[in-house]
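Only one structure is covered here, and it is reproduced in the block below.
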Amino acid sequence: MTKLQVNAEKKFICPTCGQPLRRVEGGTLTVVNGKVDMSATLPRHICDNCGVFYRELLRTGYYDVFDLPENEKRQKTKRIISTGDIPPTILKRESDGKCPCPRCGERMNFVEAGPVQIVNGKPDFSNTIDHFNCPYCKSVFRKIVGTDYFQWSEK
Numbered sequence: 050m051t052k053l054q055v056n057a058e059k060k061f062i063c064p065t066c067g068q069p070l071r072r073v074e075g076g077t078l079t080v081v082n083g084k085v086d087m088s089a090t091l092p093r094h095i096c097d098n099c100g101v102f103y104r105e106l107l108r109t110g111y112y113d114v115f116d117l118p119e120n121e122k123r124q125k126t127k128r129i130i131s132t133g134d135i136p137p138t139i140l141k142r143e144s145d146g147k148c149p150c151p152r153c154g155e156r157m158n159f160v161e162a163g164p165v166q167i168v169n170g171k172p173d174f175s176n177t178i179d180h181f182n183c184p185y186c187k188s189v190f191r192k193i194v195g196t197d198y199f200q201w202s203e204k
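For reference, each letter of the sequence shown is one residue, going 50 to 204 in this note's numbering.
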């Protein structure tokens, strides 16, 4: 049990890291292991930094701390650059065959060129040239013909 402190903006702050807590209103009743879970209807104060949430105990002003379920943990929001703001860039594979994505900063996979494939009875030329594919922001960077530069591509 802990009593949460309030910052100058009248928001609760995390006692562990000092970051402001995000308030989430209570949801609908849920059934857990065949029993009704009334605690799901209570508001929660979530610390995305620590991966925990606080729930008030019987309107006493004291809060109990719980770990956030894995499916509710938010990934830290990253800034994804607009595709129109990305100039042609030289991309080099590192020792693991990956390189940083110019759009989101995560690690992109290198896809080697292969033969033309038939998809639904039609030729698919999308993998006939070496390119980088980012699994995080779903970006594809294809090589500009005759240069060492790569440019963002729609597919």
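Every residue, glycine too, gets a C-beta built ideally from N, C-alpha and C.
- For residue 79, the enclosing beta strand (DSSP E) has its first and last residue at 79 to 81.
- Just so you know, the alpha carbons of residue 61 and residue 105 end up roughly 12 angstroms apart.
- Just so you know, the alpha carbons of residue 72 and residue 145 end up roughly 41 angstroms apart.
- For residue 51, the beta-bridge partners assigned by DSSP are 112.
- Contact holds between the region 151 to 167 and the region 180 to 194, because three or more Cβ pairs, one in each stretch, are under 8 angstroms apart.
- Annotation for residue 182: the continuous beta strand (DSSP E) segment containing it runs 180 to 182.
- For residue 84, DSSP records a beta bridge to 81.
- Inclusion of residue 52 and residue 103 in the CB contact set at 8 angstroms is not warranted, their separation being larger than that value.
- Approximately 5 angstroms separates the beta-carbon atoms of residue 98 and residue 68; this is inside 8 angstroms, confirming the contact.
- In the DSSP assignment, residue 202 falls within the beta strand (DSSP E) that extends over 198 to 202.
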